[in-house]
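Residue numbers (the working numbering): 167 to 552.
The structure is reproduced here in structure tokens:
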């Protein structure tokens, strides 16, 4: 089905999560994404079937040894055929391969080069390798996560990778619009640590202004209440009733309108100051009920709440499936699950593509796009080029 980026071609040289997920989103928007893998397949295929499928469904696959002279020559032939090239090597690696931006823009002045890295293309740490937890640690996010009396805790979901992919996608779309105006491409620089800093921008800015270092608060942001996870008879539920109108609806819903007359709880600031008392009252009410019973009361009262789902519960939630945030597809005769389309367009909905095997599209790309023959591909395969 038609997508917003129909006609746009992306050469994906990314690995692992942040880079490939950006290319996946561009594919979701309708771009034709060609995944460049090492001969035999990208190393991230070894992490697990689901891992590979999630980030690379909908792409085409070609194999190429980028450490070979012929491999670099073929990339240079491919570059003029593409609108975007995404890579997440460490800074300097592409230039050392003869594929620095100065070279690429001579081959294709309209090319948008998406550079995704751990620490960015400049800065004192630019040559260091990094993964998601490194960004969490250095940005302060890890020190900010957990309970006051516990150690730093990383978010188990790779939030740094995911948001970096969004930054890269936003940047690519902005550069694409600019190219429509000027005809010129440009290079983008997004990195994991920058993403971490964006997540911590308020605590860091506040520290620089006040000198006060914020503390971990567990499941409560601190200074506001009720806003916490509370234990029911059969599980946990998160409740947020901080704004004045929501707190009023909460009190009426649970039959505690008397709290509205208590001066300690008459304002957001007051409830924040007396958060322990508020949390105690809410916890007492919740623990006498099941999650379903609490949910029914709060939904009727129009108070924000959410059951704290296990992965098994989240996987079976009907909202997940009605929104098609996961979809079931076939991969080599077996059923698997991959992400659905995050943005729902009314006129250009796009579609979920299949999961490629290594080199599935070698002939289509090398022969159809560059004009080589199947015999050439056979020679390259024997030489270890593809």
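Note that CB positions come from ideal geometry on N, CA and C, so glycine has one too.
Asked, Found
"Nearest residue (CA-CA) to residue 445, options 197, 374, 347, 397", "397"
"For residue 201, the three-state DSSP class (helix, strand or coil)", "strand"
"N- and C-terminal bounds of the beta strand (DSSP E) containing residue 217", "Taken as a continuous stretch (DSSP letters only), residue 217 belongs to no beta strand (DSSP E), being part of the alpha helix (DSSP H) at 215-222."
"Start and end residues, alpha helix (DSSP H) containing residue 236", "235-244"
"Within 8 angstroms, strictly: CB atoms of residue 270 and residue 305", "no"
"Cβ shell of residue 522 (< 8 angstroms), same chain only, five flanking positions each side left out", "201, 222, 225, 226, 227"
"When 345, 303, 468 are compared against residue 414, the one with the closest alpha-carbon", "468"
"Inter-residue Cα distance where the pair is residue 454 and residue 399", "6 angstroms"
"Cβ separation of residue 281 and residue 184, assumed to be a contact under 8 angstroms, to the nearest whole Å", "The Cβ separation is near 11 angstroms, so there is no contact."
"Residue 368 - DSSP class collapsed to helix/strand/coil", "helix"
"Straight-line gap, residue 391 to residue 383 (C-alpha atoms, nearest Å)", "12 angstroms"
"Contact between the segment 328-347 and the segment 284-292 (3+ Cβ pairs under 8 angstroms)", "no"
"Cα-Cα separation between residue 171 and residue 196, rounded to whole angstroms", "5 angstroms"
"Limits of the beta strand (DSSP E) - the one that residue 283 falls within", "278-283"
"Element boundaries [beta strand (DSSP E), containing residue 494]", "492-497"
"Cα-Cα separation between residue 388 and residue 437, rounded to whole angstroms", "11 angstroms"
"Three-state secondary structure assigned by DSSP to residue 406", "strand"
"For residue 397, three-class secondary structure by DSSP", "strand"
"Residue 356, DSSP secondary structure in three states", "strand"
"Three-state class that DSSP yields for residue 227 in the structure shown", "strand"
"Alpha-carbon spacing of residue 380 relative to residue 211, whole angstroms", "40 angstroms"
"The segment 358-376 touching the segment 405-425, judged by at least three CB pairs closer than 8 angstroms", "no"
"Cβ-Cβ separation, residue 249 to residue 276 (assumed contact under 8 angstroms), whole Å", "7 angstroms"
"Buried or exposed by the 16-neighbour rule on C-beta atoms within 10 Å, applied to residue 430", "exposed"
"Integer-rounded CB distance, given that residue 230 should sit under 8 angstroms from residue 335", "The Cβ separation is near 24 angstroms, so there is no contact."
"Beta-bridge partners of residue 327, as assigned by DSSP", "The partner list for residue 327 (beta bridge, DSSP) is empty, contrary to what the question assumes."
"DSSP beta-bridge partners of residue 504", "493"
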